[in-house]
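Asker: Pasting a structure below so you can have a look.
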Amino acid sequence: MNSKQNIKKPEGKLGILVPGIGAVSTTFMAGVFAARKNLGKPIGSISQMGKIRLGKRTENRNPLVKDFVPLASLDDIVFGGWDIFSDNAYEAAVRAGVLEKDLLNSVKDDMSAVKPMPAVFNHKFVKNLDGEHIKKEPTKMDEAKALIKDIQEFKKNNNCDRVVMIWCASTEVYTEETEVHQSAEAFEKALEENHPSIAPSMIYAYAAVKSGVPFANGAPNLTVDIPALTELSDNLNVPIAGKDFKTGQTLMKTILGPGLKARLLGINGWFSTNILGNRDGQVLDDAESFKTKEVSKLSVLDSILEPEKYPELYKDMYHKVRINYYPPKGDDKESWDNIDIFGWLGYKMQIKVNFLCKDSILAAPVVLDLALFMDLAQRAKMKGIQEWLSFYFKSPQTKEGLEPIHDIFLQKIKFENTLRYLMGETLINHLGLDYYEE
Ligand SMILES: NC(=O)c1ccc[n+]([C@@H]2O[C@H](COP(=O)([O-])OP(=O)(O)OC[C@H]3O[C@@H](n4cnc5c(N)ncnc54)[C@H](O)[C@@H]3O)[C@@H](O)[C@H]2O)c1
C-alpha cells in the first residue's frame with residue numbers, strides 16, 4: 077500500500093509549462109497571480125478550496141484537500157510556455173478579453189514576464205491559424221530535441237525543482253491512430269522520418285515524457301492517448317492524463333445525465349448547440365478540428381446512460397452537438413440544450429438549459445488542479461495514465477480495454493478515494509451498517 081511516507085515533499089519551485097498562451101492559460105496564470113496577492117479567490121479549484129471527508133461521519137474530519145495531501149503552494153509556481161505568436165501572457169490575456177483590464181493591470185508585471193518560446197507548429201493540424209513564432213528544425217525529431225532543450229533551460233533558469241506540462245493550445249484536426257503510433261520504437265522512427273501522422277501536440281508530449289515531465293492534455297487531440305506514448309510514460313515512470321478539459325456544456329451534461337439515469341427517466345433526444353467567438357471558436361470553425369471536438373463531446377452520454385443495459389430508456393436517443401463560430405460573443409460562450417425525456421407510462425417532458433458561460437473561467441481552475449495533482453502523482457511515484465483525474469476531462473484516457481467513466485459523481489468518488497489511499501486513510505464506500513440487525 078502506498079502511504080504518505082512514500083510521497084516526496086513539494087519542496088522548491090514547480091514549473092508549469094503550457095503549450096498555448098491563449099485564453100485558457102492566461103486566465104489561469106492571471107488567476108494564480110491574483111490569488112497570491114489576495115485580489116481574487118481561486119473558485120472552482122478543488123486543490124485550493126475543496127474539503128475531503130475522512131473516516132466515519134461521526135469523526136467530523138473534513139480538512140482542506142491542500143492540508144491533507146502535500147501539494148505545491150501557489151507561491152512556488154513559475155510559468156512558462158510556447159505559442160505561435162510572440163505576445164507575452166499579459167498581451168495575450170488582453171487580446172483574449174476574458175478578464176477585466178483592472179485585474180490584469182494589477183498583475184501586469186508578473187504576466188508580462190511570461191514570454192512564449194517559439195512553438196512547434198504545423199499548419200496542416202490547425203488550419204485556421206498562422207503564426208510567425210515557430211521553430212524551424214529539419215525533422216520532427218529535431219523539433220522534439222529542441223523542446224527538450226527548452227524544458228531543461230526553463231528548469232535551470234527558473235531554479236525549478238520539478239516541471240509539469242499542460243496542453244492549452246488549439247484543437248488539432250481529427251487524427252486516427254496509425255501504425256506509427258503503436259509503439260515507442262515506431263514513433264521515434266516516424267519522428268526521424270518526418271511522418272505526416274505525427275501531430276505537433278504529440279511532439280510536445282513526447283518531449284515532456286522523455287524529460288520526466290508529467291503531461292496532461294486539455295484539448296481533444298489524440299496527443300498522449302496513443303500506445304507509443306502510454307508505453308513510454310509507463311517505462312519512464314511519468315504520469316500522463318487527458319483529454320479535453322471538462323467545462324461548459326459537457327460539464328452540465330455529466331451533471332444532468334447521471335441524475336436522469338439515476339431516476340431511470342428515459343431520453344429520446346439531446347440536442348446541444350453552442351455559439352462562441354474566441355480563437356478557440358475560430359479554430360473549431362474548421363470542420364476537421366470540429367470533428368475532433370465532436371467525437372470527444374459525443375462519447376459522454378452513451379457511457380453515462382448505458383443504452384445496452386437500458387434499451388427501453390436510451391437505445392433510440394438522438395444526440396447531436398453543434399458548435400458555431402460567432403465573433404461577437406468573444407469568450408462568453410452561450411449554449412442551449414434541448415432534452416426530450418419521458419417518464420411513467422412513456423409520458424413526454426422537456427428540459428431546456430441555456431448556459432451563458434465563460435469557458436476560460438471554468439477551465440482555469442481545472443488547469444491549476446491538474447498541474448498540482450499531476451505533480452503530486454509524480455512525487456507519489458505514480459506512472460502512466462492517471463485515470464483518477466478523469467473528473468477533469470471530457471474524454472478521459474483509460475488503459476486499453478477499459479471503458480472511461482464519465483459520470484462526474486463516480487469520478488469524484490474515484491478521485492477522493494485515490495487521495496485517501498495515497499495518504500493511508502480508509503476508503504469511503506458510503507455504506508451505513510448500523511441499520512442491520514445484529
Ligand atoms: N475553454 C474551455 O473551457 C476549454 C474546454 C476544453 C478544452 N479546451 C481546449 O483548450 C485549448 C485552449 O483553449 P483557448 O480558449 O485558450 O484557445 P486559444 O485559441 O485562446 O489559445 C490557444 C493558443 O494556442 C496557440 N497554439 C496553437 N497551436 C500551437 C502549437 N502547436 N504550439 C504552441 N501554441 C499553439 C494559439 O496560437 C493560441 O494562442 C483548446 O484546444 C480548447 O479546445 C478549452
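Numbering (our numbering), first residue to last: 77 to 514.
From the three backbone atoms N, C-alpha and C, an ideal C-beta is built for every residue, glycine too.
(1) Tell me residue 349's beta-bridge partners as DSSP assigns them.
(2) Taking 7 Å as the cut-off, is the C-beta of residue 276 nearer than that to any heavy atom in ligand 1?
(3) Determine the direct distance from the alpha carbon of residue 108 to that of residue 181, and round the result to whole angstroms.
(4) Can you tell me which of 436, 305, 115 puts its alpha carbon nearest to the alpha carbon of residue 473?
(5) At a threshold of 7 Å, does residue 376 count as lining ligand 1 (C-beta to nearest heavy atom)?
(6) Considering only heavy atoms of ligand 1, does any lie closer than 7 Å to the CB of residue 435?
(7) Throw me the rounded Cβ distance for the residue 282 and residue 196 pair, which I believe falls under 8 Å.
(8) Can you grab the Cα-Cα spacing for the pair residue 348 / residue 375, in whole Å?
(9) Check this for me: beta carbons of residue 470 and residue 296, under 8 Å apart or not?
(10) Are there any heavy atoms of ligand 1 lying less than 7 Å away from the beta-carbon of residue 355, as far as the coordinates show?
(11) Tell me the residue span of the alpha helix (DSSP H) that contains residue 451.
(12) Would DSSP call residue 155 helix, strand or coil?
(13) Ligand 1 heavy atoms versus the CB of residue 134: any closer than 7 Å?
(14) Beta carbon of residue 365, beta carbon of residue 248: below 8 Å?
(15) Say the cut is 7 Å; is the CB of residue 323 nearer than that to a heavy atom of ligand 1?
(16) Taking one C-beta from the region 380 to 399 and one from the region 328 to 338 each time, how about it: are there three or more such pairs within less than 8 Å?
(17) Output the distance between the C-alpha atoms of residue 111 and residue 292, rounded to the nearest integer angstrom.
(18) Are at least three pairs of beta-carbons, each pair with one atom in the region 351 to 365 and one in the region 404 to 423, less than 8 Å apart?
(19) Taking DSSP's pairing of strands, which residues face residue 240 in a bridge?
(20) From residue 422 to residue 395, what distance separates their C-alpha atoms?
(21) Where residue 318 and residue 432 are concerned, what is the direct C-alpha to C-alpha distance, given to the nearest angstrom?
(22) What residue does the beta strand (DSSP E) around residue 316 start on, and which one ends it?
(23) Since residue 163 and residue 171 are thought to touch, with beta carbons under 8 Å apart, how far apart are those beta carbons, to the nearest angstrom?
(24) Applying the 10 Å Cβ sphere with the 16-neighbour rule, what's the burial state of residue 428?
(25) What number of angstroms, rounded off, separates the C-alpha of residue 125 from the C-alpha of residue 222?
(26) Just to check, is the beta-carbon of residue 273 closer than 7 Å to a non-hydrogen atom of ligand 1?
(27) What residue range does the alpha helix (DSSP H) around residue 263 cover?
(28) Give the straight-line distance between the Cα atoms of residue 459 and residue 389, rounded to the nearest whole angstrom.
(29) Please report how far the alpha carbon of residue 447 lies from the alpha carbon of residue 104, in whole angstroms.
(30) Which value, in whole angstroms, describes the spacing of the CA atoms of residue 370 and residue 397?
(31) DSSP on residue 77, reduced to helix/strand/coil?
(32) Could you check what DSSP says for residue 339 in three-state terms: helix, strand or coil?
(33) Relative to ligand 1, is the shortest distance from any of its heavy atoms to the C-beta of residue 320 smaller than 7 Å?
(34) Can the beta-carbon of residue 203 be found closer than 8 Å to that of residue 362?
(35) Does the Cβ of residue 438 lie closer than 7 Å to at least one heavy atom of ligand 1?
(36) Return the chain-ordered list of same chain residues with a C-beta closer than 8 Å to the C-beta of residue 152, the five sequence neighbours on each side being excluded.
Answerer: With the given structure in hand:
(1) As a working note, residue 349 is residue 273 in the sequence shown. In the DSSP output, where bridge partners are listed per residue, residue 349 has 398, 412.
(2) For the purposes of this step, residue 276 is taken as residue 200 along the sequence shown, with counting starting at 1. Yes - ligand 1 has a heavy atom lying nearer than 7 Å to the Cβ of residue 276.
(3) For the purposes of this step, residue 181 is taken as the residue at position 105 of the sequence shown. For the purposes of this step, residue 108 is taken as the residue at position 32 of the sequence shown. Cα-Cα distance, rounded: 14 Å.
(4) In the sequence shown, the residue the question calls residue 473 occupies position 397. The shortest C-alpha separation from residue 473 is found at 305.
(5) By one-based count along the sequence shown, residue 376 stands at place 300. Result no, Cβ not under 7 Å from ligand 1.
(6) Residue mapping note: residue 435 aligns to position 359 of the sequence shown, counting from 1. Residue 435: yes, Cβ under 7 Å from ligand 1.
(7) On the sequence shown, residue 282 is found 206 positions in, with the first residue counted as 1. On the sequence shown, residue 196 is found 120 positions in, with the first residue counted as 1. With a Cβ gap of about 10 Å, residue 282 and residue 196 do not count as contacting.
(8) Walking along the sequence shown from the start, residue 348 turns up at place 272. Walking along the sequence shown from the start, residue 375 turns up at place 299. The alpha-carbon atoms of residue 348 and residue 375 are separated by roughly 13 Å.
(9) The sequence position of residue 470 within the sequence shown is 394, counting from 1. The sequence position of residue 296 within the sequence shown is 220, counting from 1. Contact: yes.
(10) One-based indexing of the sequence shown puts residue 355 at position 279. It does: the Cβ of residue 355 is within 7 Å (strictly closer) of some heavy atom of ligand 1.
(11) Numbered from 1 along the sequence shown, position 375 holds the residue referred to as residue 451. Run containing residue 451: 435 to 455, per the alpha helix (DSSP H) assignment.
(12) Walking along the sequence shown from the start, residue 155 turns up at place 79. Strand, per DSSP.
(13) Within the sequence shown, residue 134 is the residue found at index 58, counting from 1. No, ligand 1 has no heavy atom inside 7 Å of this Cβ.
(14) Along the sequence shown, read from residue 1 onward, the residue named residue 365 stands at position 289. Along the sequence shown, read from residue 1 onward, the residue named residue 248 stands at position 172. Yes. Within cutoff.
(15) In the sequence shown, residue 323 corresponds to position 247, counting from 1. Remark: the C-beta of residue 323 is in contact range of ligand 1, defined as less than 7 Å to any heavy atom.
(16) yes
(17) Within the sequence shown, numbered from 1, the residue matching residue 111 stands at position 35. Within the sequence shown, numbered from 1, the residue matching residue 292 stands at position 216. Whole-angstrom Cα-Cα distance: 23 Å.
(18) yes
(19) As a working note, residue 240 is residue 164 in the sequence shown. Answer is 92.
(20) Taking the first residue of the sequence shown as position 1, residue 422 is located at position 346. Taking the first residue of the sequence shown as position 1, residue 395 is located at position 319. When rounded, the distance between both Cα atoms is 19 Å.
(21) To locate residue 318, count along the sequence shown from 1; it is residue 242. To locate residue 432, count along the sequence shown from 1; it is residue 356. So the alpha carbons of these two residues sit roughly 26 Å apart.
(22) Residue mapping note: residue 316 aligns to position 240 of the sequence shown, counting from 1. Unbroken beta strand (DSSP E) run through residue 316: 315 to 317.
(23) By 1-based counting over the sequence shown, the position of residue 163 is 87. By 1-based counting over the sequence shown, the position of residue 171 is 95. Confirmed, about 7 Å.
(24) Counting from one through the sequence shown, the residue named residue 428 turns up at place 352. When all chains shown are included, residue 428 counts as exposed.
(25) In the sequence shown, counting from the first residue as 1, residue 125 sits at position 49. In the sequence shown, counting from the first residue as 1, residue 222 sits at position 146. Cα to Cα, the separation comes out at about 38 Å.
(26) Translated into positions along the sequence shown, residue 273 becomes position 197. Result no, Cβ not under 7 Å from ligand 1.
(27) Translated into positions along the sequence shown, residue 263 becomes position 187. Per DSSP, residue 263 belongs to the alpha helix (DSSP H) from 260 to 268.
(28) As a position in the sequence shown, residue 459 is number 383, starting the count at 1. As a position in the sequence shown, residue 389 is number 313, starting the count at 1. C-alpha separation (whole angstroms): 39 Å.
(29) Within the sequence shown, numbered from 1, the residue matching residue 447 stands at position 371. Within the sequence shown, numbered from 1, the residue matching residue 104 stands at position 28. Residue 447 and residue 104: Cα-Cα distance of roughly 11 Å.
(30) The sequence position of residue 370 within the sequence shown is 294, counting from 1. The sequence position of residue 397 within the sequence shown is 321, counting from 1. So the two alpha carbons sit approximately 7 Å from each other.
(31) The sequence position of residue 77 within the sequence shown is 1, counting from 1. Reliability of the predicted coordinates at residue 77 is poor, the pLDDT of 48 falling under 50, and no value is obtained from them.
(32) Numbered from 1 along the sequence shown, position 263 holds the residue referred to as residue 339. In the structure shown, residue 339 sits in coil (DSSP, three-state: anything other than H, G, I, E or B).
(33) Taking the first residue of the sequence shown as position 1, residue 320 is located at position 244. Result yes, Cβ under 7 Å from ligand 1.
(34) Position 127 of the sequence shown, counted from the first residue, corresponds to residue 203. Position 286 of the sequence shown, counted from the first residue, corresponds to residue 362. For residue 203 and residue 362, yes; Cβs fall inside 8 Å.
(35) Here residue 438 is taken as the residue at index 362 of the sequence shown, counted from 1. At least one heavy atom of ligand 1 is nearer than 7 Å to the Cβ of residue 438, so yes.
(36) As a first step, residue 152 must be located in the sequence shown, where it is residue number 76. Once the five neighbours on either side are set aside, the close Cβ partners of residue 152 are 86, 88, 89, 90.
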